[in-house]
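K.L.:
Attaching a single structure in structure tokens format; questions to follow.
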Amino acid sequence: MHRLFQRLTGTTLLTVVVLFFTSCGKQHQAEQVATAFIDQYYMADKYDATFSSLDSTIHVSDSALVAMRGATAQSPLFKRGIKYADIPNVSPLYYVRASIIHDNDTVQSTFYMDKTLENIVAVKSVKLSK
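Position in the sequence shown (first residue = 1) + 72 = the working numbering.
And the structure:
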């Protein structure tokens, strides 16, 4: 019985470690993709950004993504000509939120990505302070 417990404990620990490092890798990938998007399209050259934990959702419709794209295209926070990935036809979407601080302004942006975490499909931003 003791040997079975040791074997189960070792297997459980290994599973937890693998899941932890996989999760950290996905978080890092999502932050890199969001940072590259900010660097390319955000109007400010210098900024500080902090990111939330990576999460997923099935509650964002295609029409909501199209509306977010339109709002971002009209926003003075972002440059024109943003290139997005195609809207995926499968759920879930993954997202990470960023608090972007430039001068004394704070912008909360949510970056929606496909399952590869390599492509941004939409961004939703709200200016919190001036």
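Using N, Cα and C, we set each Cβ at its ideal position, and we do this for glycine too.
(1) What are the boundary residues of the beta strand (DSSP E) that includes THR182?
(2) DSSP three-state label for LYS98, please.
(3) If we call anything under 8 Å between Cβ atoms a contact, is ALA102 one with LEU137?
(4) Could you round the C-beta distance between SER197 and LEU165 to whole angstroms and report it? I think they count as a contact, below 8 Å.
(5) Would you call THR182 buried or exposed, if buried means 16 or more other Cβ atoms sit within 10 Å of its Cβ?
(6) Helix, strand or coil, according to DSSP, for THR84 in the structure here?
(7) Note down, in chain order, each residue of its chain lying with its Cβ closer than 6 Å to the Cβ of ILE110, except the 5 sequence neighbours on either side.
(8) Helix, strand or coil, according to DSSP, for SER125 in the structure here?
(9) Measuring straight from C-alpha to C-alpha, what distance separates ASN161 and LYS98?
(10) Considering only C-alpha positions, which residue in the set ASP177, VAL168, THR144 and LYS199 is nearest to THR107?
(11) Under three-state DSSP, which class holds ARG169?
(12) Residues bridged to VAL195 by DSSP?
(13) Is DSSP giving LEU189 helix, strand or coil here?
P.N.:
With the structure as the only source:
(1) Note, THR182: beta strand (DSSP E), 177-185.
(2) LYS98 falls in the helix class under three-state DSSP.
(3) no
(4) With a Cβ gap of about 16 Å, SER197 and LEU165 do not count as contacting.
(5) With 16 or more other Cβ atoms within 10 Å, it is buried.
(6) With a pLDDT of 47 at THR84, under the threshold of 50, the modelled position of this residue cannot be trusted; read the value that follows with caution. Looking at THR84 - three-state DSSP - the assignment turns out to be helix.
(7) none
(8) coil
(9) Between the alpha carbons of ASN161 and LYS98 lies a gap of roughly 21 Å.
(10) For the options ASP177, VAL168, THR144 and LYS199, the alpha carbon positioned closest to that of THR107 is the one of VAL168.
(11) strand
(12) Here VAL195 is bridged, per DSSP, to PHE183.
(13) LEU189 falls in the coil class under three-state DSSP.
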